[in-house]
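A.B. asks:
Protein chains: 2
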Amino acid sequence: MRLSTRARYGLRLMMDLGLHEGKRPVLLKDIAREERISEKYLGQIIIPLKSHGLVATRRGSRGGYVLGRPSAEIRIGEIVDALEGDLGLQDATGEQAVAEGPGELVSRDFWEGLGRAMRLYLDSQTLQDLVTRLKSIRKEPAQDAHYVI
Amino acid sequence: MRLSTRARYGLRLMMDLGLHEGKRPVLLKDIAREERISEKYLGQIIIPLKSHGLVATRRGSRGGYVLGRPSAEIRIGEIVDALEGDLGLQDATGEQAVAEGPGELVSRDFWEGLGRAMRLYLDSQTLQDLVTRLKSIRKEPAQDAHYVI
DNA sequence: TTTAAATACTACTATTATACTAGTATTAAT
DNA sequence: ATTAATACTAGTATAATAGTAGTATTTAAA
Numbered sequence: 001m002r003l004s005t006r007a008r009y010g011l012r013l014m015m016d017l018g019l020h021e022g023k024r025p026v027l028l029k030d031i032a033r034e035e036r037i038s039e040k041y042l043g044q045i046i047i048p049l050k051s052h053g054l055v056a057t058r059r060g061s062r063g064g065y066v067l068g069r070p071s072a073e074i075r076i077g078e079i080v081d082a083l084e085g086d087l088g089l090q091d092a093t094g095e096q097a098v099a100e101g102p103g104e105l106v107s108r109d110f111w112e113g114l115g116r117a118m119r120l121y122l123d124s125q126t127l128q129d130l131v132t133r134l135k136s137i138r139k140e141p142a143q144d145a146h147y148v149i
Numbered sequence: 001m002r003l004s005t006r007a008r009y010g011l012r013l014m015m016d017l018g019l020h021e022g023k024r025p026v027l028l029k030d031i032a033r034e035e036r037i038s039e040k041y042l043g044q045i046i047i048p049l050k051s052h053g054l055v056a057t058r059r060g061s062r063g064g065y066v067l068g069r070p071s072a073e074i075r076i077g078e079i080v081d082a083l084e085g086d087l088g089l090q091d092a093t094g095e096q097a098v099a100e101g102p103g104e105l106v107s108r109d110f111w112e113g114l115g116r117a118m119r120l121y122l123d124s125q126t127l128q129d130l131v132t133r134l135k136s137i138r139k140e141p142a143q144d145a146h147y148v149i
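Protein sequences, first through last, are from chains F and G. Numbering (our numbering) for the first sequence: 1 to 149. Numbering (our numbering) for the second sequence: 1 to 149.
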């Protein structure tokens with residue numbers, strides 16, 4: 001159960017947009033450079049974020065991306081949903097367990113509980129929360145820098 | 001972020017073993033029939049459970065599988081760990097983020113928090129808890145049976 | 001009105017993981 | 001010896017991941 005790069009890159013993308021909230025649209029090129037992620041790949045990742053209204057765009061020259069809503073009103077869970085397409089830990093088959101045994105029932109309940117626990121955490125923080133943390137780190141730069149030998 | 005069948009089947013497998021705790025070893029064949037899962041595939045899935053000491057075996061005729069420890073002392077998190085090989089949502093690359101930007105740092109912390117939330121839930125219940133639920137369902141059978149049209 | 005700068009779209013691809021299946025070897029009770 | 005079981009090894013089809021590449025479209029500004 002590994003998190004996809006889509007979700008990880010996408011969150012950092014959103015944080016970058018949050019960092020420039022209220023300012024001019026941000027270029028994908030700049031985010032790509034800042035986060036050291038392929039610009040083309042970011043272009044793919046941002047599509048579901050747009051379609052979920054989390055990101056707004058201005059096309060053409062002087063264009064770029066801005067947040068679709070205030071960062072304080074965007075829960076991280078929404079971002080993850082957009083990128084992972086709802087984190088259904090379950091089968092998610094439409095065929096609806098025709099003849100479900102007791103083992104399946106109990107374990108399904110258990111996994112649904114896990115899903116609820118995850119959702120609770122993901123919805124407990126807003127994009128603004130992360131951006132605030134990001135800003136504070138940028139102010140006090142190499143405070144606890146760790147050197148890799 | 002979908003749960004693998006390994007984890008789902010494996011949990012049901014462990015529940016079946018828990019159901020027969022203190023009795024004779026259980027045949028893989030019987031579990032396969034009960035849970036409607038390929039016996040050969042279960043044979044693969046049970047390997048990491050053995051190597052983690054969660055399952056003990058008796059080979060040869062009249063052999064089979066038993067729990068490696070009392071069900072009350074097995075947290076579900078241990079089962080998931082054995083099957084998913086530790087749920088590192090992160091990169092888990094050994095190369096240790098040579099030059100980590102602030103965005104990476106903040107988002108990494110966030111994902112680690114998610115991992116902790118998941119672990120908290122997974123470790124909050126023991127195998128015995130699930131087996132107890134399983135038994136109670138078996139006693140009051142079609143109480144709230146749901147018919148699929 | 002042209003040009004340049006940007007996003008939008010479409011298609012392809014290499015690699016890896018998943019979810020199995022099959023066959024043979026080994027063990028141990030009877 | 002025979003039989004009933006697990007243990008091991010190797011393969012495979014499918015799908016998802018993580019991209020890359022190229023072209024089309026839009027729009028501000030010169």
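Where is the CB? At the ideal position from N, CA and C, for every residue including glycine. Because the structure is a prediction, the values reported are computed rather than measured.
1) I'd like the ranges of any beta strand (DSSP E) spanning at least 3 consecutive residues and lying wholly in the segment 38-80 of chain G.
2) Alpha carbons only, please: which of F:Leu67, F:Ile137, F:Leu3, F:Gly77 is nearest the one belonging to Leu28 (chain F)?
3) Have a look at Ser61 (chain G) and Ile45 (chain F) and give me their C-alpha separation to the nearest angstrom.
4) Taking one C-beta from the segment 9-28 of chain G and one from the segment 64-79 of chain G each time, how about it: are there three or more such pairs within less than 8 Å?
5) Bridge partners of Thr126 (chain G), per DSSP?
6) Would Tyr121 (chain F) and Gly113 (chain G) be called neighbours here (beta carbons separated by less than 8 Å)?
7) Return the first residue and the last residue of the alpha helix (DSSP H) that Arg36 (chain F) is part of.
8) Should Asp16 (chain G) be labelled buried (16 or more other beta-carbon atoms within 10 Å of its own) or exposed?
9) When the cut-off is 8 Å and only beta carbons count, does Tyr65 (chain G) lie next to chain F?
10) Does the distance from the C-beta atom of Arg2 (chain G) to that of Glu35 (chain G) stay below 8 Å?
11) Could you tell me the alpha carbon to alpha carbon distance between Glu104 (chain G) and Trp111 (chain G), rounded to whole angstroms?
12) Which value, in whole angstroms, describes the spacing of the CA atoms of Met14 (chain F) and Ile31 (chain G)?
C.D. replies: So, from the listed chains and residues:
1) 55-58, 64-67
2) F:Leu67
3) 55 Å
4) yes
5) G:Arg75
6) yes
7) It is not in any alpha helix (DSSP H) - Arg36 (chain F) carries neither H nor E in the DSSP assignment.
8) buried
9) no
10) no
11) 10 Å
12) 46 Å
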